[in-house]
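Engineer: I have a structure here, written as structure tokens, and I will follow up with some questions on it.
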Amino acid sequence: METNVRMILFKEDQVDQASEAIETLHHHGISDKDISVISGVPFSEKILGRPMSWTRVPQIAVAGALFGFIIAMLLNFLVPNLYKLSVGGMPLTPIPTSIVVTFELTMLGLLISTFLGVFIEMLSPSFGPKGYHPKISDGYIGILFNCPTHADEDTCFELQDLGAEIVDVSEVKQP
Amino acid sequence: MAADVKPFIGSKASPHQESEADELRKEHLMLDPMPRDEMNQMVMEAMTTTTRNWWAWVIGLGLAVAVLLFGVWGYMIATGMGVAGIRRPVFWGIFIVTFVFWIGISHAGTFVSAILRVFKAEFRRPFTRAAELMTTFGLAAGALYPLIHLGRVWVFYWMVPYPNARWLWPNFRSALVWDFLAITTYLLSSTIYLFLPLIPDMAMARDRSTGWRHFIYKLLALGWRGTEAEWFRLRKAISIFAFAIIPVMFSVHTIVSWDFAVSMVSGWQSSIFGPYFIIGAILSGVSAVVTILYILRSTMKHMDYFIRKEHFDALGKLILIFSMAWAYFFFNEYILAWYGGDAALKQVLTLHATGPSAWVWYTMLICNVAIPWLFLWNKKVRRTPWLMFIITILVNVGMYAERYTIIPLTLGHQRSPFDWGIYNPTIIEVSIALGTLCLFIFLYLIASRIIPLVPIWEVQEGQMSHTLRKVGKTEIPSVTELE
């Protein structure tokens, strides 16, 4: 089926209309995977009646924490045995002081990998219709959707009735 | 989005009720919304306006950093540590005092941004970034001191753990190595924590700028569009950070306190040094936030819309609480040492209060306890920004005096009276300490013209969730959970 990428905008105080518009698109047979919502402030999926997004950031964070923990174990227990440094008869690999090093490196791994997770996911290809309009950072709510050509006109009329501003295709750009 | 005043059912709001609502709007930023494009415009204008005064400060501070910090430090490297006042019996002087001071200041960002975020304290919204910037720059200034104090800074890399031909390896049983790890962890994580909520604001700046600014903002916005998935992962990441950075913050100042507490020095070996240092750091950090907010409000365009008396009021209450907590820990530490009857420790405490440097001890108590307790209980004082500015500067003077009392004043009078001595800081040390203060202000001034200092999306999100609700005969602010 042939489709056009369309973008509509709602003002910041038209959240209700935006969620109705998404419902209208569903009525026209446009599924959630053909719809992208972009906004200048975060709206939870429940507010707009959208399926939950997913992210691997927590898993990446845990993996990073594990990595940090392993590095800490190596520094605490392997390295002192390789480079022996005897201080006044103190044990070579004492547990209490190792806890400090382990905590710091585990947290460092967790926090850096959380950021790397966001970074990687931001730069990875995303699904759904793509596009951007500078009005989004002015607080507008944008709905991008793949509209079947035959239903294009009807859908646009209905959305305009809800107060949507239809954006010309030429204005839909990548940031 | 506008704050919604709901009149009595079936009746119109009376003029009295309208004026009450107006008063509430004037009072609370969250109830006084503006269209987002206007807020964006205001923040962009504040960021791109550079007056002659601003340039004069930047040039002056830049020169001060070059001369007072790097010039004098260079002189000390070339001449040797002998030009500093540290000598037997006091080997930790101004450098370590200032190091602890800056690490303390750096607790502001995490406290304001992470702890208040976790507890959903709504008043935090407009100034989280200003506080986070303090953390990053405070740490940057503080992290210089281990290098400065090292003396032979060119062999710094000997402290880095990697297999080497010298067969040298850092001793992971040493509190100084823990310090290195903790500060590195905190510096990296607080810089990232500053950056994450900045991404949507970078996108806003990208959409409204041209030339070099547009290039930088585009790069830093990481292609941000504001899709549901982007918001979702950003919130997840901020949430992970907010929870994870709190224990890191606690660990940093605890470990700084262990630099002292794990030693056998009278007056240092104490099991409550960790929490005592943390409370002091938060007191000093929150006070520094108020100082900075006052300067931002009076020198930057439109900041009086974002930073209001309510914020000074709320932070003033926090300072009062932390001042009380600090006094509690101080007294706890003092009475146990006094009651314990250890002769050397008693001598140290007596000399703090009666010795030649007793004025430092009294400055500490006056600034950290007397001034906050005398003034901050009063709502009028808390809501007078210039008074809060003065009080918070005094609190930080007191906190500096506290570190001075703990470090050189304690070290000078240990167990062997024949080895007592008075530490006299030299102009070299004072100059380097002033140099890092100039560095901190210099970095902040530059950042204030590059980074949107107000997290606009967070402010708008807060304004969307606040309304005025009619209860009985009055309107009261009400918050909706949008998350």
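If you're matching them up, the sequences are chains Z and P in order.
The first sequence lines up with residues 15 to 189 when you count with the numbering used here.
The second sequence lines up with residues 525 to 1007 when you count with the numbering used here.
Glycine residues also receive a C-beta, built at the ideal position from the N, C-alpha and C atoms.
Helix or strand or just coil, what does DSSP make of residue 749/P?
Structural biologist: coil
Engineer: Apart from the five residues just before and just after residue 970/P, which ones in its own chain have a Cβ nearer than 8 Å to its Cβ?
Structural biologist: 582
Engineer: Helix, strand or coil for residue 60/Z? Go by DSSP, reduced to three states.
Structural biologist: helix
Engineer: Return the chain-ordered ranges of every alpha helix (DSSP H) run that is complete within the stretch 698 to 736 of chain P and spans a minimum of 4 residues.
Structural biologist: Taking only runs of at least 4 residues, the alpha helix (DSSP H) segments lying wholly in the stretch 698 to 736 of chain P are 699 to 719 and 723 to 731.
Engineer: Give the straight-line distance between the Cα atoms of residue 840/P and residue 904/P, rounded to the nearest whole angstrom.
Structural biologist: 11 Å
Engineer: So, for residue 782/P: in the same chain, excluding its five sequence neighbours on each side, which residues have a beta-carbon less than 6 Å away from its beta-carbon?
Structural biologist: 699
Engineer: Give a yes or no on whether 8 Å exceeds the smallest Cβ distance from residue 998/P to chain Z.
Structural biologist: no
Engineer: CB-CB under 8 Å to residue 1009/P, same chain, minus the five flanking residues each way: which ones, in chain order?
Structural biologist: The structure shown has nothing for residue 1009/P, since chain P only spans 525 to 1007.
Engineer: Quick test of your reading: residue 772/P and residue 709/P, contact by CB under 8 Å. State the CB separation rounded to the nearest angstrom.
Structural biologist: Rounded, the Cβ-Cβ distance is 6 Å, consistent with contact.
Engineer: Assuming contact is defined by CB atoms lying nearer than 8 Å, are residue 714/P and residue 633/P in contact in what I supplied?
Structural biologist: Yes, the Cβ-Cβ distance between residue 714/P and residue 633/P is below 8 Å.
Engineer: Since residue 772/P meets chain Z, which of its residues come closer than 7 Å, beta carbon to beta carbon?
Structural biologist: 121
Engineer: Quick one: which residues of the stretch 764 to 794 of chain P get their C-beta closer than 8 Å to a C-beta of chain Z? List them in chain order.
Structural biologist: Cβ contacts with chain Z come from 764, 765, 768, 769, 771, 772, 775 and 779.
Engineer: Put residue 528/P into one of helix, strand or coil per three-state DSSP.
Structural biologist: Interpretation of residue 528/P is limited by its pLDDT of 47, a score under 50 that renders its predicted location unreliable; no figure is taken from the coordinates.
Engineer: How big is the Cα-Cα spacing for residue 994/P and residue 1000/P?
Structural biologist: 6 Å
Engineer: Closest by CA to residue 872/P, which one among 940/P, 920/P and 901/P?
Structural biologist: 940/P
Engineer: Output the residue ranges of the alpha helix (DSSP H) runs that lie fully inside the stretch 614 to 684 of chain P and measure 4 residues or longer, sorted by chain position.
Structural biologist: Uninterrupted alpha helix (DSSP H) stretches at least 4 residues long and entirely within the stretch 614 to 684 of chain P occur at 618 to 629, 631 to 634 and 652 to 674, given in chain order.
Engineer: Any Cβ of chain Z within less than 8 Å of the Cβ of residue 735/P?
Structural biologist: no
Engineer: What residues of chain Z sit near residue 511/P, judged by a beta carbon separation below 8 Å?
Structural biologist: Beyond the ends of chain P as shown, which are 525 and 1007, falls residue 511/P; an answer cannot be given.
Engineer: Under 8 Å, Cβ to Cβ, is there at least one residue of chain Z near residue 990/P?
Structural biologist: no
Engineer: Report the rounded CA-to-CA distance for residue 826/P versus residue 566/P, giving the unit in angstroms.
Structural biologist: 6 Å
Engineer: Kindly list, in the order they appear in chain P, the residues whose Cβ is closer than 8 Å to that of residue 131/Z.
Structural biologist: 757 and 761, listed in chain order.
Engineer: Please tell me whether residue 696/P has its Cβ less than 8 Å away from any Cβ of chain Z.
Structural biologist: At least one C-beta of chain Z is nearer than 8 Å to the C-beta of residue 696/P.
Engineer: Starting from residue 904/P, trace the alpha helix (DSSP H) in both directions and tell me its first and last residue.
Structural biologist: 903 to 906
Engineer: Quickly, what does DSSP pair residue 990/P with across the bridge? List them, please.
Structural biologist: Its beta-bridge partners are 1003/P.
Engineer: Are the stretch 923 to 932 of chain P and the stretch 609 to 620 of chain P touching by the rule of at least three beta carbon pairs closer than 8 Å?
Structural biologist: Under the three-pair Cβ rule at 8 Å, the stretch 923 to 932 of chain P counts as touching the stretch 609 to 620 of chain P.
Engineer: Give the residues of chain Z in contact with residue 685/P, contact being defined as C-beta atoms less than 9 Å apart.
Structural biologist: 89 and 93
Engineer: Going by beta-carbon coordinates alone, are residue 466/P and residue 966/P separated by less than 8 Å?
Structural biologist: As shown, chain P starts at 525 and ends at 1007. That puts residue 466/P outside it, with no answer to give.
Engineer: By Cβ distance, which residues of its chain are closer than 7 Å to residue 655/P, with the 5 residues on each side in sequence left out?
Structural biologist: 632, 633, 636, 637 and 813
Engineer: Using 8 Å as the limit for Cβ to Cβ distance, is residue 709/P near chain Z?
Structural biologist: yes
Engineer: Can you list, in chain order, the stretches of the alpha helix (DSSP H) that have 4 or more residues and sit fully within the stretch 750 to 801 of chain P?
Structural biologist: 752 to 785
Engineer: Tell me the rounded alpha-carbon separation between residue 665/P and residue 626/P.
Structural biologist: 7 Å
Engineer: For the structure I just gave you, are there three or more beta carbon pairs, one from the stretch 590 to 610 of chain P and one from the stretch 896 to 913 of chain P, closer than 8 Å?
Structural biologist: no
Engineer: So the alpha helix (DSSP H) residue 955/P belongs to, where does it begin and stop?
Structural biologist: 951 to 972
Engineer: Relative to the C-alpha of residue 61/Z, which residue among 37/Z, 42/Z and 83/Z is closest?
Structural biologist: 37/Z
Engineer: Would you call the stretch 724 to 742 of chain P and the stretch 28 to 44 of chain Z touching, i.e. three or more CB-CB distances under 8 Å?
Structural biologist: no
Engineer: Whole angstroms is fine: what's the gap from residue 593/P's alpha carbon to residue 669/P's?
Structural biologist: 11 Å
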